[in-house]
Ligand code: SF4
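Residue numbers (this note's numbering): 62 to 597.
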């Protein structure tokens, strides 16, 4: 461990000493160290691997790495941001491993991957990976390594066929996709011994993730993170964080969360409570009360997004006292009609109350988060959002109000996966900018073009691997993607097909063979519950 980045780490687990026959393994994050080490998922998987004496694990980031084995047998990537795929390809080249699985031989390592991007829709990246772990890593990771050990000395094809039998392990090369024009005609395993579908794995324990390393070099300096909840029971119809990870699970406060927090606070005073919607934890008030004790007086506490109607004065006070300056709530839209369409169970009054409570508790700011281009949205809904934000601003003078807004992007395994990106969204973001900024509301839009790129990847199929290889050399702008689509014209469907078109529900989806938490008929029912509201 000679690199200063690694020397600054406080480990909260004990790595095993590798056996003499340990499998030489590299576990990579396809971005810089400071980004990777701030990913709770990366930290936890690395610690899980490093605690096994049958593995000898070295970490690799785009800027630093530990001492790497000359002939790794396993190389893993944790992918949490779509465009980091470029760095995966670069790191494979750095390791002198062929980029495409089909060009790898018996002497090349198996390239495995996991993380939210690959669990949702791995298909655009399928040709670059030998093994994809679909779902929660808690049991899956160990099952993968154990199964690998059983076939470690076999040839590559035998290894892959054996691994394909493990629930949640997806071996893309063992599935053949056939097309009929733009559409997918079938997705079939190459032989009858390979499972026809892969079921996403769900961990059901009540101890969730916690940081395994704390470092000043993390993007959130010295933060100790604990996962308070996993998934979200609200099921907003577009929401991957909810639908992909259902059912909603909570960490046990007494037996798991508090001991984890106390362990973390021995090496830092900065605590982050993580989860799609942490205040959904039924014992969240008790946890807050616990953290309100004098012994925690000097901690700096931050929470990720909270549910609007759980912003109490008490929550705001505790956060303000523990060095949080603002709070984020997702409101999606100022229009009640749109909130009904997306199944957001939130009344406009509750947004006003949350702002009033945030201010009364001593917070300096409130960040509201919303979307443009939600299916069924009209310009009048955007105007309602503007009106609502102006009124909140007026009702809570002195509270800094920020509106973060992205464009709706369809995500696999959600009821809105069939909708395309609304081309009007770009204009609507500009309209919001024009109307909000002069009224003292800070507007933070996410780039419309970035949403288009996300949609290409989130609804992409295997044919896009060619496109991704081309754009890699052109840069990550929308212009690069358009240029690559133009170059591949006639060979793959056009951008419009992936991004903007609304797809029929009876079409075979690129991820049809990957079984998410809810069956397709349920997703269709939820979709219909949204579309019946369109004309209300
Ligand atoms: S409340 Fe937030 S996290 Fe929960 S389903 Fe809705 S958007 Fe997703």
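Each residue gets a CB set at the ideal place from its N, CA and C atoms; glycine is no exception. A quick note: this is a predicted structure, and the numbers were derived from the prediction, not measured.
Test: residue i CB closer than 7 Å to a CB of chain B
i           : result
residue 246 : This model lacks chain B altogether, as it is built from one protein chain only.
Three-state class that DSSP yields for residue i in the structure shown
i           : result
residue 75  : coil
residue 337 : coil
residue 62  : Note on residue 62: pLDDT 48, under 50, position unreliable in the model; the coordinate value appears next. Coil, per DSSP.
residue 552 : coil
residue 443 : helix
residue 395 : coil
residue 262 : strand
residue 238 : strand
residue 112 : coil
residue 251 : coil
residue 431 : strand
residue 329 : coil
residue 590 : helix
residue 316 : helix
residue 474 : coil
residue 154 : helix
residue 486 : helix
residue 223 : helix
residue 176 : coil
residue 546 : helix
residue 86  : strand
residue 426 : strand
residue 67  : helix
Cβ-heavy atom distance, residue i to the ligand MN, below 6 Å
i           : result
residue 295 : Questions concerning the ligand MN fall outside what the structure shown contains, since the ligands it does hold are the ligand SF4.
Inter-residue Cα distance where the pair is residue i and residue j
i           : j           : result
residue 511 : residue 539 : 7 Å
residue 318 : residue 553 : 49 Å
residue 447 : residue 390 : 16 Å
residue 270 : residue 89  : 19 Å
residue 584 : residue 503 : 36 Å
residue 121 : residue 76  : 17 Å
residue 557 : residue 551 : 14 Å
residue 596 : residue 322 : 48 Å
residue 525 : residue 455 : 48 Å
residue 437 : residue 287 : 37 Å
residue 65  : residue 94  : 11 Å
residue 368 : residue 461 : 19 Å
residue 451 : residue 501 : 9 Å
residue 565 : residue 518 : 19 Å
residue 537 : residue 514 : 9 Å
residue 298 : residue 476 : 6 Å
residue 373 : residue 493 : 28 Å
residue 149 : residue 91  : 5 Å
residue 357 : residue 285 : 14 Å
6 Å CB neighbourhood of residue i in its chain, flanking five on each side removed
i           : result
residue 468 : 433, 434, 486, 509, 512
residue 545 : 528, 531, 532
residue 342 : 289, 290, 311
residue 348 : 314
residue 72  : 274
residue 598 : Residue 598 lies beyond the stretch modelled for the chain, which goes from 62 to 597, so this question has no answer here.
residue 496 : 447
Near the ligand SF4: residue i beta-carbon under 6 Å from a heavy atom
i           : result
residue 300 : yes
residue 473 : no
residue 181 : no
residue 408 : no
residue 590 : no
residue 337 : yes
residue 391 : yes
residue 394 : no
residue 292 : no
residue 467 : no
residue 303 : yes
Sequence-distant residues of its chain with Cβ nearer than 8 Å to residue i (five each side left out)
i           : result
residue 166 : 217
residue 258 : 574, 575, 576
residue 223 : 208, 211, 212, 215
residue 572 : 181, 182, 183, 184, 473, 474
residue 569 : 244, 245, 246, 247, 248
residue 86  : 110, 116, 117, 118, 119, 130, 133, 134, 135, 136, 137
residue 371 : 340, 341, 345
residue 594 : 398, 401, 402, 437
residue 62  : Confidence at residue 62 is low in this model, with a pLDDT of 48, below 50, so its placement is unreliable and no value can be given for it.
residue 229 : 194, 195, 196, 201, 204, 259, 260, 261, 262
Contacts around residue i, its chain only, beta-carbon distance under 7 Å, and the 5 residues preceding and following it disregarded
i           : result
residue 227 : 204, 205, 208
residue 83  : 114, 115, 116, 117
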